[in-house]
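Everything in the sequence shown is counted per my numbering, starting at 231 for the first residue and increasing by one.
Encoded as structure tokens, the structure appears first; notes follow it.
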Amino acid sequence: MGHGENEPGAAVFEFPATSAATQLRRGSDGVLRYGDLSPALTELLDLRVHSFTNREAVVEVGGPRLTYRELWHSASRIAGGLQDHGIGYGDRVAVHMPTSARWVQAFLGALLSGAVPVLVPDALPAAIADRVIADSRADFVLGPDGPLPDSTAYIDDGAALDDPALLCYTGAAARRPVPTGVELTNENLLSAVSSVVGALGLPADGLRNLVLLPLAHASGCVDQLLPTFAVGGTVVLAPGARRLSDVLVAERIDTVSATPRIFAGLVPELVARRTGAGVRRISKACHRSERAAAAAPATLATALRGLFPAAKQWSVWGATETSGIGLMVDDTELADSEATLGFAFGGTELALFGPQASAGRGELLCRGPNVSRRYWNNPGASAARFSGSWFHTGDFVSIDADGLVRVDPARRVSGL
């Protein structure tokens, strides 16, 4: 550990990432970067499509089942339809619909057109969703009703690592009448995918991931959908399923991804049905606001160990600004208290800001190849939360000598 760059009136104490990934190299700006990334997300996905052509890519329980070939073909036709509407490189296309196979097709169609998808959570009140779409300056909206654009298949492959690739909205950046847009580049997304695949050891032998997280959030899209596609796995969606315990068996699920609150709600049904023997991985999106609404992490982890005896459990913590990742803890080994957030992984590095930083307490700062550079259309919030290569999370934590991050109970947490 060593001292990082200081800011006026406070000290910054640096905690390096715990990842041993050999492909990470420090750039001239001091940030760790992956040296083996594809030039753009579309190129990575295109390679996977050709490697896993006939595997199921996305399954909607009670709805469509699409192989990689079918998904790519339908998405490229949506991209062609968007081109016919004048949409092209750098334009913004809002994806505003419930989680479904259609959502995945629309998202990929926007991506393949060369546009920047804008993720608009379906759960937002209509007035707020309209303000998000207006704030993003979306050139086109892909909504839940009516046919999606359709024309001759088209794929734009001109993007570069530094180019914007996704616009996600977060309510934690500033107190505004509309959530704040977070710009994520191809490098941010590809780095997050590499970090998740490496840290969780995702296999390329046909992973079947039941994703219960909203796809319009970074935790669902960037940290589950895209990494599953990166290893040729199957994303299983169950938006209308009444009994998820039956889905686990019928769809041969080996990985389940959800928030702690969703898992806590599932425990009674799973206890009654006892259908989790085939599950090998449990991934929890560990946002502070979710923790407050769910069972204590230690209690929940114990319950899930009983239901999924062969599964390894992880909690992944992050912000939209960090592509939804940053900290991870293995809950099969450590789930001691609600305060535990985890260790840095992938290319994420941590720092503490404040007068007690040298003593291991202060505001948590993050930097890494997965960390956004700025907010969209909000220079004031950008100046307040991004300093050089560091992102100020607004969370006050303690970090021990081993690099384990815990919430500081004496200070507020922003609810990332």
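Just so you know, even glycine gets a beta-carbon here, dropped at the ideal spot from N, CA and C.
These numbers were taken from a predicted model, which means no experiment stands behind them.
Alpha carbons only, please: which of the options is nearest the one belonging to residue i?
| i | options | result |
| --- | --- | --- |
| Leu432 | Gln454, Thr415, Leu414 | Gln454 |
| Gly536 | Val501, Ile483, Pro409 | Val501 |
| Ala541 | Arg511, Pro490, Thr329, Ile555 | Arg511 |
| Ser375 | Ala434, Leu557, Leu354, Met327 | A small correction: the amino acid at residue 375 is Asp; Ser does not occupy that position in the sequence shown. Taking only the C-alpha atoms, the option nearest Asp375 is Met327. |
| Leu391 | Leu594, Pro498, His315, Asp266 | Asp266 |
| Leu456 | Val426, Gly590, Gly436 | Val426 |
| Leu571 | Gly577, Pro599, Gly556, Thr562 | Gly556 |
| Val479 | Ala507, Leu467, Ala446, Ala488 | Ala507 |
| Phe575 | Ser421, Ala270, Leu301, Thr415 | Ser421 |
| Arg299 | Pro498, Gly633, Val288 | Val288 |
| Gly463 | Leu437, Pro469, Ser449, Ala353 | Leu437 |
| Glu273 | Ala336, Ser343, Arg256 | Ser343 |
| Asp625 | Gln253, Gly592, Pro490, Val601 | Gly592 |
| Gln253 | Trp620, Arg503, Gly428 | Gly428 |
| Leu430 | Trp620, Met558, Leu277 | Met558 |
| Asp321 | Arg256, Gln335, Asp393, Thr382 | Asp393 |
| Asp386 | Phe459, Trp302, Glu286 | Trp302 |
Under a Cβ-count criterion, where at least 16 other Cβ atoms within 10 Å of its own Cβ denotes burial, should residue i be classed as buried or exposed?
| i | result |
| --- | --- |
| Pro585 | exposed |
| Asn284 | exposed |
| Arg472 | exposed |
| Asp314 | exposed |
| Tyr319 | exposed |
| Gly498 | Checking the sequence shown, residue 498 turns out to be Pro, not Gly. Flag for Pro498 reads exposed. |
| Ala305 | buried |
| Ser281 | exposed |
| Ser588 | exposed |
| Ala468 | buried |
| Asp365 | buried |
| Thr485 | buried |
Three-state secondary structure (DSSP) at residue i?
| i | result |
| --- | --- |
| Gly401 | coil |
| Phe459 | helix |
| Asp276 | helix |
| Val346 | strand |
| Arg518 | Because Arg518 sits at a pLDDT of 46, beneath the cut-off of 50, its placement in the model cannot be relied upon, and the following sentence gives the value as read from the coordinates. The answer is helix: DSSP assigns Arg518 an H, G or I state. |
| Glu481 | coil |
| Phe538 | coil |
| Leu308 | Before going further, note that residue 308 is Ile rather than Leu in the sequence given. In the structure shown, Ile308 sits in a helix (DSSP, three-state: H, G or I). |
| Gln253 | coil |
| Ala574 | strand |
| Ala523 | With a pLDDT of only 42 at Ala523, under the threshold of 50, the placement of this residue in the model should not be trusted; the figure read from the coordinates follows. Three-state DSSP puts Ala523 in a helix. |
| Val643 | Residue confidence for Val643 is low, a pLDDT of 43 falling below 50, so the modelled location carries little weight; the figure read from the coordinates is stated next. Reduced to three states, the DSSP call for Val643 is coil. |
| Val362 | helix |
| His622 | strand |
| Arg295 | strand |
| Leu530 | helix |
| Gly506 | coil |
| Thr550 | helix |
| Leu557 | strand |
| Ile492 | helix |
Taking the straight line between their C-alpha atoms, what separation do you get for residue i and residue j?
| i | j | result |
| --- | --- | --- |
| Gly388 | Arg367 | 22 Å |
| Arg295 | Glu481 | 11 Å |
| Thr552 | Thr400 | 12 Å |
| Val279 | Ser258 | 34 Å |
| Ser519 | Ala549 | Residue confidence is low: Ser519 scores 46 on pLDDT, short of 50, so the model does not pin down where it sits. Its coordinate-derived value is still stated next. Whole-angstrom Cα-Cα distance: 12 Å. |
| Leu595 | Pro377 | 44 Å |
| Leu338 | Gln543 | 29 Å |
| Ala523 | Ala434 | A caution first: Ala523 carries a pLDDT of 42, below 50, which makes its placement in the model too unreliable to give a value. |
| Ile629 | Arg603 | 24 Å |
| Leu312 | Ala270 | 20 Å |
| Gly470 | Glu290 | 9 Å |
| Thr532 | Leu496 | 14 Å |
| Gly450 | Asp380 | 26 Å |
| Thr505 | Arg615 | 45 Å |
| Thr562 | Ala515 | 15 Å |
| Asp360 | Tyr605 | 19 Å |
How about residue i and residue j: are their beta carbons less than 8 Å apart?
| i | j | result |
| --- | --- | --- |
| Trp333 | Val323 | no |
| Val408 | Ile358 | yes |
| Gly590 | Leu582 | yes |
| Val348 | Arg597 | no |
| Ala345 | Leu372 | no |
| Leu442 | Ile483 | no |
| Val466 | Asn439 | yes |
| Ala488 | Leu530 | no |
| Gly577 | Tyr384 | no |
| Ile308 | Asp369 | no |
| Gly293 | Ala353 | no |
| Pro599 | Glu417 | yes |
| Val546 | Ser513 | yes |
| Ala611 | Thr415 | no |
| Ala446 | Pro355 | no |
| Gly554 | Ala448 | yes |
| Val601 | Phe573 | no |
Less than 7 Å separating the Cβ of residue i from some heavy atom of the ligand NAP?
| i | result |
| --- | --- |
| Ala468 | Within the structure as shown, the ligand NAP is missing, as the structure has no ligands at all. |
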